[in-house]
Structure formats: C-alpha cells, structure tokens
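Peer 1: Protein chains in written order, with numbering that gives the first Met the number 0: chain E, 0 to 148; chain G, 0 to 495; chain P, 0 to 119; chain Y, 0 to 496. Ideal placement from N, C-alpha and C gives every residue a C-beta, glycine not left out. Below are the structure tokens for one structure; questions will follow.
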Amino acid sequence: MITQYENVIIKTICRLLIPFIQLYAIYVLMHGHYSPGGGFQGGVMMGASFILLVMAYGLDEARRRISVKALTIYACLGLFIYSGIGAIALLMGGNYLDYGKLPLPLSSIPKIRAMGILGIEIGVFLGVMAIMIFIFLAIASYDTGGKDD
Amino acid sequence: METISSIKPLGAVLVSLIAAMLILLTGDRHRNLREAWTLLAAVIKFSLVFSLAGPILEGRSVETTLLTLVPGLKLQLRVDAFGLVFGLLASGLWVLTSIYSVGYMRSLQEHAQTRYFFCFALALSATMGIAFSANLLTLYIFYEILTLSTWPLVAHKETPEALAAGRKYLVYTLTSSTLILFSAAAIFVQTGTLDFTPGGFLAGRVAEGMLPLFFALLLFGFGVKAAIMPIHEWLPSAMIAPTPVSALLHAVAVVKAGVFGCLRVILYVFGPALLTQKGLWFPFALLVSFTILAAGMIALGQDNLKRRLAFSTINSLSIIILGALLLSKSGITGGILHLANHGYLKITLFFCAGAIYVKTRKELVSQLNGIGRRMPFTMGAFALGAMGLAGVPPLNGFISKWYLCLGALEAHEIIFLVVFLLSALLDVAFFFPIVYNAFFKAAKEEPFRCDEAPLTMVIPLTATALFSLVLGVYPDALMKFFSITNQAVRAILGGG
Amino acid sequence: MIDSLMSKYNYWIYIVLMMIGFYAMIGKKNLVKKLIGMNIFQTAIILYYISIGVKKGGTVPVLMEGLPHAAAYVNPLPHVLMLTAIVVSVSTTGVALAVLLLIYRRYKTLEEDEILKSMR
Amino acid sequence: MNAPQIPAAILIILIPLMSSYAIPLLGWRWRGAGYYLALSAIGASLVCSLILLYTVLTVGTIHYHLGGWLPPWGIEYVIDPLNGFVGVVVCCLSFLVTVSSRASVEKELPDKKVRFYTIYLLLFTGLMGITVTGDVFNLYVFLEIASLAAYALIAIGEDGAPLAAFNYIIMGTIGACFYLLGVGYLYIMTGSLNIADLAKLLPALYPSKVVLVALAFFLIGTAIKMGLFPLHVWLPDAYTFAPSAVSSFIAPLMTKVMAYILIRVMITVFEPSYSLKAVPVGTILTWLAAAAILVGSILAIAQSDFKRMLAYSSVSQIGYIVLGVGLANATGLVGSLLHILNHGFMKACLFSVAAALMLKTGGRNIYQLPGMHRRMPFTMAALAIAALSMVGVPPTCGFFSKWYLILGAIEAGQWIFVGVILLSSLLTAVYFMRVIEIIFFRPAPSGGHATGEGVRDEIPLSMSVPLWILAAGILLLGLFSEKIVSGILRLALPAGY
C-alpha cells in the first residue's frame, strides 16, 4: 500500500510537473500521425503522470481522483474508438481501417486519412493510459484481492 | 463372379447393433423386454444371413458399399461363400446362446446384466462384420470392435482375477491388432488395394523380401485370437468369464474370428499358389502342429473343466489353420468345414459345463463323478460333443477330420497326417474319462434322481448336440454348409 | 578477424544481452529476477531490431525539404515493429507481475525452491 | 489478380475483439452477460469461418488488405484451404467448449465471471488472428495476444496455477522472442514481412546461412509454444492447474494453432524442399516427434491425476502432428492436418469430461472414480468414445489420422516411425484402458461417504449437449474422414507435394 509521502519538495514539484507532462502527452498524441510520436507514447506519458501522482500523494488520494470503474470505461472506450473507426470504414464499403472511406466533411482523401488516423491515435491513447494506470494500481494494491468490482 | 448390391449384409451387421442400443435404453427395469430385444435381433439376424445363402449357392456374391474410408479403401461388406459359412455359424448359434444366456444369467442372478447383453449384441455385430468384410481394413475395424466389446464380458465378474484376465486379454489382442495394422498399411502402400480376392492378390505386387514378414505379422496378428501356441495364454485366463461368454465368444465368435482372419490371409490375401511357390506355409504348419499336440497334452492335465475345454479349443483351432495351410483342396475343405463343425461341438460342451455349474456349482473334472445320472440330457449332449471332437462317425467332426486327413495326403505330407491322428487320440484321452466317470462312477452319498438345469439351458445344448449328429449324417442339412464350403474352395483354387 | 567481429558489434551486443537475460531466466531462483531476465531478453531483441534499421548518415524518417530519396533516411519499419514489440513486452511484464502477486499472496515468498517445498 | 475482399475475413476477429471489451462494460449491469456475449461472438466467428472456407473452396484463395494497403506494404489476411480449415476447426471447437463452460465457470470462478470471459474472448481473438493473418509480424502480435490471455487464464486456477502460469510466461516469452528473431533475420535478408512475398523472395537466398538461422529460430520458437518434447515442461502443470473451462479451451486449441504456425512456416514461408529436405530439419523434427510420442505416453502412464494424464497425452499427440510434418510427404502432412482436427475433438471431449468430473466430484484422481458410470453414464460413455479414439480404435477418428501417418512413414521409408506410432498406440491404450477399467469395472467403494452410489447425477444440459456433440463428432469425423481429406486437405497441400 502506497501512502502519502510527507515531503513538501516532492509534492510541490509533482504538482508543478504533472500538468506539463500531461500537456506534453497530448502534444505527442496530436502530432503522432505526421511526426514521431503517437497514441501509445502519449498514452504512456499520460499514464505516467498519474503514476507520479500516486507515488507522491498516495493511493487513497489517487483513488479519489480516478476510479477503477472509470479506468475500465476509458480502456474499453479507447479500444472501441479504435476498432469502431475501422468498422465504420468497413460499413462504408471499404476495407477494415480504410480511412479514406470515412464519412468526414473534408475536401481531400489525404485529409480524411489524417483525421482517421488521429481518431485511431486518440483511441489508442485512451486505452494505453487507462491500462497503464490500471496495471499500476492493480500491482500497488496487491493486498486487496482480485475480484470483479 | 457376379455381384449383387443389397443392404442385407449391412442389415445383418446393424440389427444387433440396434438391439444393443435398445438393450441399453431398456436397462434393468424391464428385464423381459430387454431379453426380448436380444432374441428378436438374433432371429432376424439369422434369417437375414440365411436368406443370403441362395444367391451365394448360385455363384454370386452380395455386396454393400457404405462409404470411402480413406482414398482407395472403402468400408465395404461383401458376402462370399467362405464368409457365409462363418456368418451362418455365428448367427445361428447366437439364437441358441441367447436363450441359454437368459437361463444362465437369471439362475445365477448375475450383476450388470444390461452391460452383459449390450456387449454381447455388440460383439455379434462385429462378428458379422468380420465375416462379411470385403477388405482387410474393414476386417480390421470390426476386429477391433470385437476385441473391445468382448473385454467387458471377460472382465464381467469384476473380481481382481477377472480384471486381470481382462487386462491380459487386451494386451494380447491390442498388440496383435497393431501387427495387423502395420502389415495392412505396408501392403496398401505397395499394392494400392486391400480387397480380398479368392486365391490372393499379393502375387507379383509386393517386394519379394517383404512377403515372409507380412505373412508372419498377419498370421501372428490374427493368430493371437486363434490362440496359436506361444501366444495363447489369454484364452485359458479368459475362461473366468461367464459360461455363455466362453461358449459363444471363446468357442465361436472371438477365437473363430481369429481363425477366420488367418484363413482370409492364407487363402484370400496371399493365396495358395503364392504360398506354395515360396514355401512360406511350412514353418507355420510346423508351429500349429506343435500347438495341436502341446495343447492336447496340457488339456490332459487340467482339472478345471472350463480350462480343459479351453485347451481343447486351442487344439481344434490350430487343426483348422493347419488344414488351410496344407493348401490342398481337401485340406482347405476340411478346414472350413471344421470351422463350422467345431463351433457346434464345442458350444455343446461349454453349454454343458455351464449347466453343470448352474446346477451344482462344480467346476472341476474330478467332482463330476456320477453327474450323468443327475443330469442325463446334459451329459448325453456332452458325450455327443466329445465324440464329435474326437472324430467318431457319424458325427460331423468325423467328416471334417476325414477331409483334413485327405488334405494331408494330397499335400504329400505324412507328418501332418500323423498330427491329425494323434490329436484325435488326445481328444479321446481328455474327454472320454469325463464321460465315463459321469455315467459309470457313482458318487458316494448323492441320491439318484433326475435334476436338470432350467429348460432354457437344456434345450439349446440338446439342440446343438443333435444338430451335430444331423450334420454328421447329412452334411448339407438346413444351412448347406457342405455346398457352400465347396463353393468357396472352388473359388479359391479356381481363381488361384 | 577483429575487424570482421567488430563490424558486426550490434549482433554481439544483442547476443550478450540476450544470454544475460537467458541466464537470469534459467539460473535464478528468485521469480522477480527471472522476470527481470525476461525483460533483458526482450530488450536485447528490441535493440537488435532497432540496430538493423539504422544506416550510416541516415536521418530521422520524417519527410524533409531537400531530401526526397528514401535512401537518406533510416529504415523506420523495424522501429515501428519494435513499438508493437514494446507494447507486447509491457503487457507481458504486467501479466507476469500480476501472477507474481498471486504467487506472493499464496506462498508469502518469491523464491522458487521455497514455493516448491511448500507445495509438497 | 482481383482477389475477393470478403468482410468475413476481418469480422472473424473483429467481432470477438469488440465483444471482449464490451463484456466489462455490460458486466457492471448484468454479470451473466459475459457468457452470452462470448457465445454469440464465437458463434458469429464460426459463421464467418464457414463462409470463408466455402469461398476458398469454391472461388479460391482470399486476400484481404487491411486499410486498403496492398501487400507487401500493408498487412494482408490470406485465407487458403489450409488456414480456412484450421479456422473452422478452431471456431467449431471453441463454440462447443464455450457452451459447456458455463457450469464450471459458475462453480470454480463465481466472482470472476466478467473478467474471465473478457480474457477468454481475447484468447480466441488471438487464435483466430494467428489463423487468418498473412504477415509474419502480425502473426507475432496475435501470438502474443493469445499467449498473454492464456497466461492470465491459467493463473486464475487452483493451487499450483500461478507458478505454472509464471513458468509458462517465461517459456512462452522465450518462444515468442525466438520467433521474433526469426522474423528479424528474414526481414534483414528480404525486407519483407508478407508471407506470400517472403515465399517468392526466399528461394533465391536459400544458400545464405542467415536464412538457415531464421529457420532455426522459427523452429525453436514454435516448438516451445506448442510444447514439443523436450520443450514441453511448462505444459503439464499449466493444463493441470488451469480452471476446467480454461484447460478444455486451451488444450485442444492452443497447441493446434501453434502447430499450424509450424506448418505455415515450414510449408508456405519456406519451401518444403528446403525447410524439410535440404537441411536436416525434417529429420530433427521427426526424431523429436518420435521421442515426444513415446515419452509423453510413458509419462502419462505414470500419472494418477486425470488432467495431468491428459496433458502428457497432449505432449505425445503433438508428436504425431509434428511427425507428419517432418516426414515431408503429402500423406504425412495430410495425417498431421487431420490429426489437428481429430485431436482437437478428442481433447476437447476429454477435458470436458474432466470439467464434468471437477464439477460433480471436485477431484481429479482417477483412482477415486470407480462406479462413476452409474452416477454419470452419458458423460462416461463420451469419455469411453474419446478414449478409444485416442487409442486409435476404428472407426473413431483417431484411427484415421494414425493411418495416414503410418502410410506417410512407410512411403518415406521410415519404418522405425511406423513402429513408434504403433507402440505409442499401445501405450495410449494402457493409460486410457486403465481409466475405463476403473470407471466401468471396478466396483464402487462400498459404504463410507459414497452413499450416493448408483444415484444418477448427470451434468447440466449446457455441458452434456456439447460433450455429446463432440463425442458424436469423433465418430462421424472418423467415418467421413475421406471427405475431409479429399475435399479440403488435398487442396491445402503445397504445390511441391
């Protein structure tokens, strides 16, 4: 069980750092489809920011901010976005993940493709973030048993 | 040879399978209904098989093709004269054994009767399948089913000894069927067929060096069930089974399936011409001769009646195989005839042993003094059966032995003639003391009164004994064994 | 001889790393050490993949002005593949840690021989 | 070539994938949802796989390009008769096993139902992905999805399960990494990851040692994953301690799909003339397989735990599959493929029986089973059929795959392997006949706690119906094996055969 770490410096630095980490994570995500970066990297950073939060402020504080239920929903939602976009392409008569076929009001196929892959990245981002936190919480709270909640 | 397509052979196989299912569904609750299924199936099966005799005697064969098992091999039933002899024998005796079983099982109030009748019916299905198989793979399939369906019968008593006997039976038979499978596969790779052909199909199609190997493997494979001497040990152990099982399965269906398989291999896979040319038959003829004499000697020393019968069975089975191995016309005729005749004679003897056990719980030869006065019909039948096996005219055993001796002469092998004659002497030696003691040595304190086993047991055993007598006087009676056998021999030698 | 060995140094590095990981997986009694060995093992392969994508003088595979030819960039495909492999490795580690927790909860130790002793 | 772009090729994995994470969402409200969702997803996959197989057999090989990218750049899913067949086998068995899983999950994992079915579907997705993909790296990803799900499922079992799962993780990861290295070496040489493309590029490179190393890595990787002797050490514990529903899902399917990878690599990626004949891989495989067959059987004889016995028997049966591949002729390969199908059915049936025993008696020791045929006659009859099939008694299906393997060995002139197959069927007979003898012939323990002796106590319908379909399947597959062989498997053989 990780408890609150009574150290003002660490707490303050964490408080300062976490928003920037999260902002950077979103930056990495949004640039993922045409430069290095992407959903997974962004998601890991986002997850890491929460993990930092847990380490500095303890498990109870973290639990108050983000519930396991929400994490499950995020994870599933992320995966749904991912496979859903693919499936929409399938429904529109293209192949699976054929972004060019997505029904977006944009002028050219490459733009539609870019938006499509961004959507995918967002899905991956959500999923990875949730799962990272999930794994960490599960391991950190090993003494509480592992049943369906 | 003209071939007719018909579902009758399939029907003959399936009828007892269906009966087996019905028996299982009926269960212990309605015993009469359950036994009715057995009897009904037996009668239907016999009439189906019997109705096939007509076309066979006209020189045609009846065939059912079911489906292709593997490319080039079909699950196929074909009734030819030789198969019909075995089919008639087994299905005919099933009717009698069913009646006998009912009496035996009810008198002894045996447990697990449903399983017993179920396996019995299943075994008969398999036996019919063996009799009518058109190729070696089909034969193998039914052979395996027969093995497994008789296993529960051997282990029926569920005592440690019975279980051990069952295990021994499985070890012997499964190992042997492995040998069969091996040679069947090897032959199939080289020839592309496994269809039985009168006179054999291997000549010129298999590598010369492999022939002795295949012959040895196939003969030992089927020879386990036929209890050839070094691999006979399971048969006496299996005598722990209930007597009807010993009677039908270990004197008729199972061991005869082994003999039948040997004969199929000798006459329909290799063929007399090929075997004579290669001289392959001789070592095996010596081996079975040894079996004949050794089994006879061992039988002399057995005090347990069923064990004595078991060794006598081993002796007779090898006589049949020796007849076929002589490869002469009369030898083959004698072998096939003895296959049928021995069935009737031996089942009589087993029936008698069972009847004695049910009535008196006596299993030892030395306890049977004076039993002939208590159970005159049973022991009368026993005497007839014993005389038949010894080859005393006018019983059917005489006819087949006559042909066997002729066969040895035709093959110019005097040594085997001597074997046949010695074995007849041994038969006399181990059966006649029983008959003599039963009738002429009075037991000490036992009062003299007629006290027979239930009618359901006495009728079958009298029937088989009398039928042996009839066959001896008129070999073509009812089932026309003699004509059918001649038909088979003509096909084998004519085709070869 | 040395040259030919040194010119393929990336192979040597990955093989040495892999063997270290392999040794830890096979030789160590502590389950966490085994897990660490597994991670080293996987990382070795990831490094190997990344090294095969690199070429001398190649640059980041982002399309740039004045460099129209693919030959000027390093091969991005192995790197992309390794992204997936890293994901796999992370999830494997996650599952393995979860299993270790189960083991710890049940046996109160992570030494393999002690666990085997208590199972008997 | 304008290959048909059939959506079924992607739906076959998309439906179970999406359903798998719909389960936790639905699970908040309705805890029973997992079972029905899993069942319907796998059912939908089954329909897809049948459509695919039918299309393959009538039209020809299906190529499905993900995202519309053409191979060799994009990932493509390829369905030819080989994986069309494997796909139907996997879907069919999964469906039956899933139907029967309900009762044993209720009993053994009452508070983990939701998660169980989530991971369960992921495992299924992984297996289907391996089957349909036409890209070696994509195959690795699905391999790991399936393996991760399997680790997790095994770990939730009883007693020794976590340790067994951990060992499986270590071994499985080594296997997957070796596979990945093989992919890497091939990628260095060819610059391609597409199976069809690799098959085109590789023959020119066969003299290279790098290709040989890649082949070796593939071989070891898949051998570990499928538990080929002597790399089988993880398998018995994993199968024994896994929850019943899991072992009856993993045992028949996981190793079969891994064997499919081996066949795919040996036959399609490399040419059999290279991978099996030019280098002594075929010989190595056959000897390992022969050792697996014998050692597995002998170890199985030594077990008194029913599930562990089945696990060792799996080790031996995997040997059969590999043996057929290693023989490097058409008949042997047909035997292997047929054995994938047959052994899948047999093992699913046997492990379902084990699940039934766990459900009703809670024990797995075979010496506690006397008299069980009175309590559960139908289940035990199914056990008997499956056991006979394992022994190879005709006309059950087990006989026919053995028949092809024997023919294949004879055609290859390898008489010793004929002997091995026959000997092992005897050894198999020893351990299965022992079980049958105990169940059917040994009298039930009199008195004591066995007051329920003779009382009918059958498993629920949701378990017994699939069990009986499996048992009937064993008989029917045997009788109609020729149809399968000439209708599907002959088409699945590579051109060189």
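1. Should G451(Y) be labelled buried (16 or more other beta-carbon atoms within 10 Å of its own) or exposed?
2. Between which two residues does the beta strand (DSSP E) harbouring K4(G) extend?
3. Using a Cβ-Cβ distance cut-off of 7 angstroms, determine whether Y34(Y) contacts chain E.
4. For S60(G), which beta-bridge partners are listed by DSSP?
5. Within the same chain, show all residues whose beta-carbon is closer than 7 angstroms to that of I19(P), passing over the 5 residues directly before and after it, in chain order.
6. Under 7 angstroms between beta-carbons, which chain E residues line up against H64(Y)? List them in chain order, please.
7. Beta-carbon within less than 7 angstroms of S424(Y)'s beta-carbon, same chain only, minus the 5 sequence neighbours each way: which residues are those?
8. Could you say if the segment 237-251 of chain G and the segment 99-108 of chain G meet the contact criterion of at least three C-beta pairs nearer than 8 angstroms?
9. Taking only the alpha-carbon atoms, compute the straight-line gap between T312(G) and S117(P) and give it to the nearest angstrom.
10. Any contact between the segment 33-50 of chain E and the segment 129-136 of chain E? By contact I mean 3 or more CB pairs, one from each, below 8 angstroms.
11. Using a Cβ cut-off of 7 angstroms (strictly closer), state whether I9(Y) contacts chain E.
12. Which partner residues of E110(P) appear in the DSSP bridge assignment?
13. Whose Cβ in chain E lies nearer than 8 angstroms to the Cβ of L109(P)?
14. If you follow the beta strand (DSSP E) that R360(G) is part of, which residue opens it and which one closes it?
15. Below 8 angstroms on C-beta distance, what does L387(Y) contact in chain G?
16. In chain order, which continuous runs of the alpha helix (DSSP H) of length 4 or greater are located wholly inside the segment 249-317 of chain Y?
17. Report, in whole angstroms, the separation of the C-beta atoms of A327(Y) and K276(Y), which I expect to be a contact under 8 angstroms.
18. What residues in the segment 135-158 of chain Y bring their beta carbon closer than 7 angstroms to a beta carbon of chain E?
19. So what does DSSP say about S132(G), is it helix, strand or coil?
20. Y273(Y) to I266(Y), Cα distance in whole Å?
21. So with Cβ pairs under 7 angstroms, would you call A202(G) a contact of chain Y?
22. Looking only at its chain, what residues have a beta carbon closer than 7 angstroms to the beta carbon of V364(G), apart from the 5 residues adjacent to it on each side?
23. In the DSSP assignment, what are the bridge partners of K73(G)?
24. I need the straight-line Cα distance from Y34(Y) to S48(Y), nearest angstrom please.
25. For the beta strand (DSSP E) containing Y63(Y), name the first residue and the last one.
26. Rounded to a whole number of angstroms, what is the C-alpha to C-alpha distance between L216(G) and Q367(Y)?
27. Evaluate contact between the segment 209-216 of chain Y and the segment 301-308 of chain Y, counting only Cβ atoms and requiring at least three cross-stretch pairs below 8 angstroms.
28. Once DSSP output is grouped into helix, strand and coil, what is the label at G446(Y)?
29. Under a CB-based cut-off of 7 angstroms, is K55(P) close to chain Y?
30. Does any residue of chain P have a CB that is nearer than 7 angstroms to the CB of S106(E)?
31. Under 7 angstroms between C-beta atoms, does L69(Y) make it to chain G?
32. Thinking just about the alpha-carbon of each residue, which of L68(G), S4(G) and G26(G) is nearest to the one in S485(Y)?
33. Beta carbons nearer than 8 angstroms to chain A: which residues of the segment 18-34 of chain Y have them?
34. By how many angstroms is the C-alpha of G318(Y) removed from the C-alpha of A291(Y)?
35. Can you pull the chain Y residues whose beta carbon is under 7 angstroms from the beta carbon of L103(E), in chain order?
36. Per the DSSP calculation, V503(Y) is bridged to which residue(s)?
Peer 2: Reading from the atomic positions:
1. In this predicted model, G451(Y) has a pLDDT of only 45, less than 50, meaning its place in the structure is not dependable; the value taken from the coordinates is given anyway. G451(Y) is exposed by the Cβ-count criterion.
2. Sequence inspection shows Ser at residue 4(G); the Lys mentioned does not correspond to that position. Looking at the DSSP string, the run of the beta strand (DSSP E) that includes S4(G) is E1 to S4.
3. no
4. T2(G)
5. Once the five neighbours on either side are set aside, the close Cβ partners of I19(P) are I39.
6. N94
7. V390, G391 and K401
8. When C-beta atoms of the segment 237-251 of chain G are compared with those of the segment 99-108 of chain G, three or more pairs fall below 8 angstroms, so the two segments count as touching.
9. 59 angstroms
10. Touching, yes.
11. yes
12. N29(P)
13. By Cβ distance, chain E contributes nothing, its closest Cβ being about 12 angstroms from L109(P), past 8 angstroms.
14. Looking at the DSSP string, R360(G) is not in any beta strand (DSSP E), and its letter there is neither H nor E.
15. L147
16. Unbroken alpha helix (DSSP H) runs of no fewer than 4 residues, entirely contained in the segment 249-317 of chain Y, are found at 280-300, following chain order.
17. 6 angstroms
18. The segment 135-158 of chain Y vs chain E, Cβ under 7 angstroms: nothing.
19. strand
20. 9 angstroms
21. No - not a single Cβ of chain Y is within 7 angstroms of the one on A202(G).
22. D302, L304, R307 and I433
23. T67(G)
24. 21 angstroms
25. I61 to H64
26. Using only the alpha carbons, I get a separation of about 40 angstroms.
27. no
28. Summary for G446(Y): the model assigns pLDDT 45, below 50, so the residue's position carries little reliability, and this model does not support an answer.
29. no
30. no
31. At a cut-off of 7 angstroms between C-beta atoms, L69(Y) does not count as an interface residue with respect to chain G.
32. The shortest C-alpha separation from S485(Y) is found at L68(G).
33. Absence of chain A from the displayed structure is noted, the protein chains being E, G, P and Y.
34. 5 angstroms
35. The contacting residues do not exist; L103(E) stays about 16 angstroms from chain Y at best.
36. Because chain Y here runs from 0 to 496, residue 503(Y) falls outside it and cannot be looked at.
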